[in-house]
Every structure is written in C-alpha cells, then in structure tokens.
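Chains as they are written, first to last, in the working numbering: chain L, 54 to 808; chain F, 6 to 167.
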C-alpha cells in the first residue's frame, strides 16, 4: 500500500460528492449546542468591567462595594491573575490583554470581572466597582503612531530589525524585509512607473456568535471549559499556563462554533471565566455582548501602504516595491509581515523588495482574520497593476498572464513555487462568460488575483472500527464550515465504505492528542491527511485480522474497496471479507481495531484565485452596488465541492463588506463609535448578487488526494477587484477603503476640480 | 425587581412562566425555557439570529420583553419540524449546503418561512429583501437564496397536486 503523498491518479468514489453534512439536522432544528447554549448546575453569570478610556494608568481598583452586593460570588481584578508567564513574551501579552495591569491600553480593555447569581446582579456589581484612572494621551492611527512624539504604549518596545537598534522606545515593534534582485536597477530599466499610497480601515471578522464559555474549576485544580473556539487545545494550554494549572487537568470541549474567520484563535474571556469559577468554586458562564465583541475581541489591522511598480512598454514588470505599515492594536503581532510576503506573490519578478512595519496603537489587540494581512496588500498591489496595465493600453488580464507566477518562479517571499494554479485561474477567467458580458450605465468591471500560503501544523486523529462495521472518527480541529463532512468523505474513500457509515466528532482535549487551531486553511488538508493515514493504519490491522482468519501471511492480504482479499492466486483462495465481517470478529481475533495518526503536517499547497467583479456606482450619491461576481480558485482537490463553493462565496462576501462598508470608526477620544451591527454594517442578503464559482483542481503534491486549503484565499482578491471595478465605474481611482459613498463622492469632486 | 406571570402558547403548547419585568423574550426562551435554538447575536435587533414569530409575525425576540408575550402565540425553530419530518425549508437548507457554521440558520429558517407564508412565489429580489433582517457571515447568502427559491417552487408544486 503506498503511503507516499503523491496525489492519487485514481478516480474517487465518494470524495468530490456532495452528501448532507453530519451536523445538519441539529443545525436546522435548533438543537446544535453553541458556546452560549450550555448550562451547568449552580451556574453563575460572569461579566467583565472594561476601560472607557483608550489609554489610562490604573491607579486603584476598589471592589469592596461590589463584593458586598447580595448575589455576588466572586470579583476578580489583576491581583487575582498573578504572573505565570515565565518570560514568554507572547503569553505575557495575552496575560495583559485579558486583564489590564498598570495601564488600560484601549477602550474595552478588561479591568475587573464579577460572577453573580444572575445577569442583572452581575451588571449591578460592575457599576459598584470604582476604578481610579489617570487618562493618558492615545493614538489609534497607524501613521500617527509611527511619528516621533506619538504617545508611546509600551516602554519595552524598541524597534527590532533596524540597525542600529533604537535607543528610545516607540510604537514600531519590528521592521521586516523580503525580496530579491535589485529594485533600483529594475526601476532604471522601466519605461513606466506607477507609485501610489493606499489606506485601509480596520474591520472585524463579524462572526454572528459572540465569544462564550462555561468554566468549571474546583479547589483541587481540576477544571473543565466549554467554549466556542477555533482551537480548544490552544485554549487549554493558554488558560492553564495563565492560571498556573497543570495542562492535563483542564479539559476543554469545543462547542459548535458560530463563525470565527480567525477571530477565535486566541483567548479573551476564557481565562477570566476560569479565574472567576476558581474563586467562586462554582460554574461560571461568560458571554460577550456584541459591543464587547467589537471593542474587546480581535479585529484586523488598519493599514497604510506604498506601492511602486515599473514596467517595460511590452508589459514586463522590471521592479516592484512595497512598504506596509500595519497597526495591530495594543500589542505586537499585526500581520504586516504576511502583508509584505503575500503582496507580490502572484508575480514572477526579477527585482522585488517589500518592507513591513508592525505597529502598536490604542486599539484592541488584533486577531487573525482570514488570510491575515493579505487582502489589504493585494488591494494596494492589484490596484497598481490594473492602473499600470490601463496606462500601457494592455488588457489587465493579459498583463497579469504575462507576469504571472508559475511553477519554478522564485516567489517574492523566498521559496520557489511548485505546481500552482494562478495561470489556470487567469485563463479560465478569460474564457468565463462574465468576462465579456456587456456592462450597463455607470457600471465598471474589475479583476484581481490573490494568494495565500495555507498551513499544515500539528494534528492528531483517531479512527475506531466498531463491531457492526461502522466507523467513528475523532478529530481535534473544530468544524467551522462543514469539515466533519469532508473528514467522513476521506475516511470512507480510504476504507471503501459508504459515507454515512463514518461518524466524525470533534473530541475534547482529554480524549485526543494535541491539535493546532483550525486556522491557515489547514483542516481539510492536515486533519484530512491524518484521517487518510489513520484509515490506512486501520486497514493494515484489518488485513492482519483477515490473514489471521485465513491462516495466511499478513502481506498476502490486500485491501480493495472495503474488502480484504488474498493478494494473488498464490495467497490462497478465500472469499473476500468485508470491513464489517472482520469487525464482527474483532473480539476473537485480537480486540478492538483502530487507526491513529499523529504528526506535524508538511506540504500544504499554496493557492491562488482570480476574481471578476462588476459594480455600478451612482454618480449622484456615491452608492455602489455589486452587480455580478465570479470567483475562480484552485482547490487542489475539492473534497466536498458544495462547501468549497461556500468558502469561495463567503470570502467574496466578506471582501465586499470590507471594500464598501465596513470600518472601525474612532472618535477623537479614542473610543469606537460604531460598536454594533447597525453602524458597523456587514453585507445583508439584499446587498449582494449571486456569487458564481469555478473550482479548479491543480493537485497539491503534498497531499494524498491533492487537497489545498481553500478558506482564506477567497478573501484576498475582493478588495482589489472591487476597487478596480468601482474605479472603472466611477472613472476615478479609489485608494482608500472602505469605498463608502462619501469617499466616492469626494473622489469624484476632487477629480471634477482637477485636483 | 418585580416578577411577571405570563401565559403564552409556544409551538402550539400552553406555557406559563414567571420572568423579571426587564427580561427579554429571548432570555426567557433561552434561559428559563431551555429553547436555545434562538440565538443572541447582537441584542439590538440587527442580526436576526433570535428570530421567532409572535402571532405569526416575524419578530426579533431580543426586542420583545418576556412579559409582553402574555396571551400571544410564539413560534420558534424548535417547532418547525413535525416529528421526524423536517419542514421543506429545513430539508432544502441541508440539500443546498445553505449553512456553514449554522448559528444564523434557525433565524433564517424562521424568516424564510414567514416570507413564504406571505408570498409563496417570491422573486430572487423579494427573497433577498425578505431575508435582509438576518445576518449570515459565512455563506454570502447565495446558497440560502437558492434554497428558499427551490423550496418555494417545490411547495407550490405540492400545493397544486393537493
């Protein structure tokens, strides 16, 4: 049996079909249990007091009145969360983020928490906590935060990655640089250079389910946590370390998760709930309000980007350069680095240089948002590419095809690409009916390409064969978009049994080995590959049992579409044994039959997409309507095509929101002015057209079936594609997101005035 | 805090409960009655995850007080299937893969049923505006709209045959 990772050339029996998802009935009947749906006997309600100031010293916190309120069972402050971080800088940031220490670093920063018998009592108790603040100057804009003289958030941040190392602390955490060749020489060869500056506002992942958890810790140091998260092992390890608990004694169960998109890849309320529970010695449920989600979870970065591209008259790019300034809220870790790395990944460049700056500001600490850092970079780069193609009088798609990265291209971030699908998406785009469809009045068409790395990571899967020949599959990666269905498909494919004979669950942290977070578009790739290998391990055992039953050597048995068979005429003449036949005799032939696989998955395949968008801009109001949208993306192999399409469509829709409406709006006081779904408007059903999808399958050599991640790449092109489309429709280049009506009108007016 | 005694009908059954005057109907359904199919996404009536029907009318249960339900009939997602038989909308949502995470699904199903009850033959635009009070962040709405249009078509055929 081949165990190498060369994509199978075979035809698939169940992979690539569209069966109903195993969690479907629960989700259409309201039975599915999400984060806030759990209860426990004697449960208390936990709530968090948050800083009203963007930046303030916390001189004193007086909780005495709150503690005396009837029904209050625990009050915690920074004093209840001593430092267990043992020099781990990343953990230390999380520790300070979940409960402010000497300073509140953003509006919404937690400063205290209470657990009480009900929500009303908890709310009342919060009002009784007196916090003595000394308000400090604040900064929320990335460019302002980088200026000399800006209010400095942390006295320990001295910009890394610059020589000589600065003597004074600043908000610039680190400088990154990527690229190859000689951009100065490249620009000298250029016939035409376009240079532009872009700005994008911070957006929120906008998952509909607020963060929620139910914590239960006893005085013996043992605990349980029910939580909506993209990674319950990460939650376990982080919380245990923050609270000084043994990791093995905290059992975390992942609830059904109501959206994450990267925003649920860290902890916010979970350690607070555990600390409250420990102090009260009662179960405590904490659920964020929507306002808290906006102010105190992890939105994405706002950015400021410069792009410079030079070309020859024939359309060949001679040099490309970009500077990426990303603020990531009050702590290091903005995805500036990923912005720089992904920015020019779609292009085959001789000379390229990207520089990124990770900047802190008085905003909530950013968290991942779907292809973190890449959409903004693509917006800037793809806007310039479209403009340069137009100036050359070349069709933008032909310009991109001419300069597209392909197999063997040294990527702008270092590695050399293997087989990749960018050209395929461009060629399919050119053939697509959308590409040549007529446009109406005030309409424009734009396109853009996008890239994302995709990720592998630590993964552990257990597959158990039950006595009736059906199979249970335990995975450790929370299912955020139908992955249990995909896992069942891959297990069924390997074992040669029907899809509905496999049941997948997301096992808790005490039932399975460690799994990295569901992120980096890694689950169908990594957990899928672990599932395939676990199934193959089980098949090996099934074959051994058949050999035992037949009295022939193990290597004389082969597995074919669900049956053990003698490997050839010399092995003997026995009727095939089905998986169910062998399973029924497991007790008599050596006991339970299971397959495991534990590994750190390598070989994630990068993926590319091309998006085409038609938009219509009302020149009187500046209002934009998306008229038509097509996504073409390489999936490697679409295991469950309906959910692959869903990822394509969802990414496009989020991109439409980011491009046109969504933004964090801060007042001069450093407070968020639109912390609700009315004023932070994500696209609704009537805002969008149908989103057409084309799935391309250029196999990833790193996966047995050729699977690539699909979840993130789909949000990379939309900002740029829509900007190109809107710019074409409005007749003026838009360089700031969101392209809200006031911004479009301002651009039109500026153009009319000849500015 | 004053308590209120309420008598109502939920999914056809008489239900009596006592709630605080300030408590929303959503909190009553979820925390007192164990009907957690309605979700709290925003508590301001912007996301529709808490959608129910109140005397047949589509309503955000986070915008109604528990006390206000007295004497009225409530419909929730838990009452949508009849025994083993899913409502056609529930089945079509599964068939079309019209859900990813599923947190918004109960609200969408309630809203879609309310739409089809009023308008059994909606256009795509009517479906889109009929569902504009419900936020979905995963799907881009494409498959949801298709599921609702497909359900409407099937239900009209079934009705014609009946």
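Using N, Cα and C, we set each Cβ at its ideal position, and we do this for glycine too. This one's a predicted model, so the numbers in the text were calculated from it and none came from an experiment.
- Taking residue 636(L) as reference, the option from 417(L), 525(L), 374(L) and 461(L) with the minimal CA-CA separation is 525(L).
- Chain L has no Cβ within less than 7 angstroms of the Cβ of residue 155(F).
- Take residue 289(L), set aside five residues on each side of it, and the residues of its chain with a beta-carbon closer than 8 angstroms to its own are 278, 300, 303, 304, 305 and 562, in chain order.
- Neighbourhood of residue 60(F) in chain L, by CB distance below 7 angstroms: empty, with the nearest CB roughly 20 angstroms away.
- In the three-state DSSP reduction, residue 696(L) falls in the helix class (H, G or I).
- Restricting attention to 80(L), 741(L) and 483(L), the CA atom closest to the CA of residue 532(L) is found in 80(L).
- Taking C-beta separations shorter than 7 angstroms and ignoring five residues to either side along the sequence, the partners of residue 111(L) in its chain run 153, 155, 156, 157, 164, 184 and 186, following chain order.
- What residue 63(F) touches in chain L, judged by beta-carbon distance under 8 angstroms, is nothing: the nearest beta carbon there is about 14 angstroms away.
- Excluding the 5 residues flanking it on each side, residue 544(L) has same chain C-beta neighbours closer than 7 angstroms at 516, 524, 526, 555, 584 and 588, in chain order.
- Counting along the chain, the unbroken beta strand (DSSP E) around residue 619(L) starts and ends at 616-619.
- Take the alpha-carbon of residue 795(L) and the one of residue 716(L): they are about 13 angstroms apart.
- Counting of Cβ neighbours within 10 angstroms places residue 348(L) among the buried residues, the total reaching 16 or more.
- It is roughly 57 angstroms from the alpha-carbon of residue 644(L) to the alpha-carbon of residue 484(L).
- For residue 24(F), there is no enclosing alpha helix (DSSP H); the enclosing beta strand (DSSP E) has its first and last residue at 18-25.
- 81, 82, 83, 85 and 86: these are the residues of the stretch 74-89 of chain F whose beta carbon lies less than 8 angstroms from some beta carbon of chain L, given in chain order.
- Taking 7 angstroms as the threshold, the shortest C-beta distance from residue 117(F) to chain L does not fall below it.
- If the five residues before and after residue 708(L) are omitted, its C-beta is found closer than 6 angstroms to the C-beta atoms of 768, 771 and 772, all from its own chain and listed in chain order.
- The alpha-carbon of residue 89(F) is positioned some 11 angstroms away from that of residue 82(L).
- The C-alpha of residue 534(L) is placed about 22 angstroms away from the C-alpha of residue 656(L).
- Counting along the chain, the unbroken alpha helix (DSSP H) around residue 798(L) starts and ends at 794-805.
- Comparing C-alpha distances from residue 89(L) to each of 322(L), 167(L) and 315(L) shows the shortest one belongs to 322(L).
- Unbroken alpha helix (DSSP H) stretches of 4 residues or longer found wholly inside the stretch 28-54 of chain F: none.
- Under the rule that a run must span 3 or more residues, the beta strand (DSSP E) segments found entirely inside the stretch 700-755 of chain L read 744-749.
- Chain L has no Cβ within less than 7 angstroms of the Cβ of residue 122(F).
- Closest option to residue 54(F), judged by alpha-carbon separation, among 31(F), 19(F) and 72(F): 31(F).
- Between residue 508(L) and residue 453(L), the CB-CB gap reaches or exceeds 7 angstroms.
- Within 7 angstroms of the CB of residue 260(L), the CB atoms of chain F belong to 142, in sequence order along the chain.
- With 16 or more other Cβ atoms from the protein chains shown falling within 10 Å of its own Cβ, residue 64(F) counts as buried.
- In the DSSP secondary-structure assignment, residue 375(L) is bridged to 360(L) and 407(L).
- When secondary structure is reduced to three states using DSSP, residue 258(L) falls in the coil class, being assigned neither helix nor strand.
- Within the stretch 125-150 of chain F, contact with chain L at the beta-carbon level (separation under 9 angstroms) is assigned to 129, 130, 132, 133, 134, 135, 136, 137, 138, 139, 140, 141, 142, 143, 144, 145, 146, 147, 148, 149 and 150.
- Under DSSP, residue 683(L) takes part in a beta bridge, and its partners are 665(L) and 745(L).
- For residue 111(F), the nearest beta carbon of chain L is closer than 7 angstroms to its own beta carbon.
- The beta-carbon of residue 26(F) is placed no less than 7 angstroms from the nearest beta-carbon of chain L.
- Beta-bridge analysis with DSSP links residue 231(L) to 407(L).
- Look at the beta carbons and you see the stretch 69-83 of chain F touching the stretch 7-14 of chain F: at least three pairs across the two are nearer than 8 angstroms.
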